[in-house]
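FYI, UniProt numbering numbers position 53 of the sequence shown as 53, with every residue one higher than the one before it.
Comments concern the structure below.
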Amino acid sequence: MKRVVFILAAVLITGIALGYILGWFFQAARDEEAPVPELIEETLAEREVTLYFADPRGRYLARETTIISGCEDDRDCVRALLEQLINGPRGDNVRVLPAATRIEGVELENDLVRINFSRHLVDHHPGGSITELLSIYSLINSLSESFPYLRQMQILVEGEVRQTLKGHVRIDHPVYADYTLTEPPRIDGGDNPPTHDEKDYREIERLIEEATIDAN
1 MKRVVFILAA
11 VLITGIALGY
21 ILGWFFQAAR
31 DEEAPVPELI
41 EETLAEREVT
51 LYFADPRGRY
61 LARETTIISG
71 CEDDRDCVRA
81 LLEQLINGPR
91 GDNVRVLPAA
101 TRIEGVELEN
111 DLVRINFSRH
121 LVDHHPGGSI
131 TELLSIYSLI
141 NSLSESFPYL
151 RQMQILVEGE
161 VRQTLKGHVR
171 IDHPVYADYT
181 LTEPPRIDGG
191 DNPPTHDEKD
201 YREIERLIEE
211 ATIDAN
């Protein structure tokens, strides 16, 4: 009788052990067959934009193109473009915004972009009519060419509207894009580099006269 009980117990234990082994085997086989999820690298939306910096001699605005990321929506993309302008050009051109400038906020309203800068834009700016014009029109021209529906720009400093940028060019009203200060195109077959003719200078003088407050 004891022998029969012993045999039955041995058979039961063996069956349980065999069941565990078979269960583990089939589970491992299923795990091997299960598809491994692919790791998808998240990429930020990119966009080609146009940036305007001063030419090496500070006479006019020279055009550069670059690719920026972070363009899931236009407001973020505008901020990324402005940061590129602050970072400065890649080549021999000259920055037109102080490197310490910070962007405190960007608002889009129909065709108007409202940009709130830190005080560094004013405190670190060298001033002067031409320099202020180059700074202002580098901003609006870059924005308007990269985002054609943005036709005007309002500059704020620490959330406030200022009368001028640095004592010369008015920024107390929205500014529209104006490409008078941009580099003249080369003429095919010409031997000489492009220069502003008398008409170009008259247009620049007109811009200064219209945008500058009489010191008196």
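Backbone N, C-alpha and C fix where the C-beta goes; we use that ideal spot for every residue, glycine too.
- When C-alpha distances from Leu97 are compared across Val78, Tyr179, Gly167 and Glu83, the shortest belongs to Glu83.
- Taking every protein chain shown into account, the CB of Leu112 has fewer than 16 other CB atoms within 10 angstroms, so this residue is exposed.
- Using a Cβ-Cβ distance cut-off of 8 Å, the segment 120-131 and the segment 165-180 are in contact, since at least three pairs of beta carbons, one from each stretch, lie closer than that value.
- The beta-carbon separation of Ile115 and Val122, rounded to 13 Å, does not stay under the 8 Å limit for a contact.
- Within the model, the alpha-carbon separation for Arg95 versus Leu51 is close to 11 Å.
- Going by DSSP, Leu134 is part of the alpha helix (DSSP H) stretching over Ser129 to Ser146.
- Ranked by how close their Cα comes to the Cα of Cys77, the residues Ser142, Leu61, Ala177 and Thr131 have Ser142 in first place.
- Check the Cα spacing between Ala45 and each of Ile67, Ser118 and Tyr60: the tightest is with Ile67.
- Rounded to the nearest whole angstrom, the CA to CA distance from Phe147 to Ala80 is 13 Å.
- Inclusion of Asn87 and Ala54 in the CB contact set at 9 Å is not warranted, their separation being larger than that value.
- The beta-carbon separation of Ile140 and Ala177, rounded to 5 Å, stays under the 8 Å limit for a contact.
- In the DSSP assignment, Ile103 falls within the beta strand (DSSP E) that extends over Ile103 to Glu109.
- Glu46 has Ser69 as its beta-bridge partners, per DSSP.
- For Gln84, the enclosing alpha helix (DSSP H) has its first and last residue at Asp74 to Asn87.
- In the DSSP annotation of this structure, the continuous segment of the alpha helix (DSSP H) that includes Val122 starts and ends at His120 to Asp123.
- In this structure, the straight-line span from the alpha carbon of Arg162 to that of Pro174 is close to 12 Å.
- Here DSSP, grouped into helix, strand and coil, assigns Tyr60 to coil.
- For Leu156, the enclosing beta strand (DSSP E) covers residues Gln152 to Val157.
- In the three-state DSSP reduction, Tyr179 falls in the helix class (H, G or I).
- Straight across, the Cα-Cα distance linking Arg75 with Arg57 is about 33 Å.
- For Phe117 against Ile155, the beta-carbon gap comes to about 7 Å, under 8 Å, which counts as contact.
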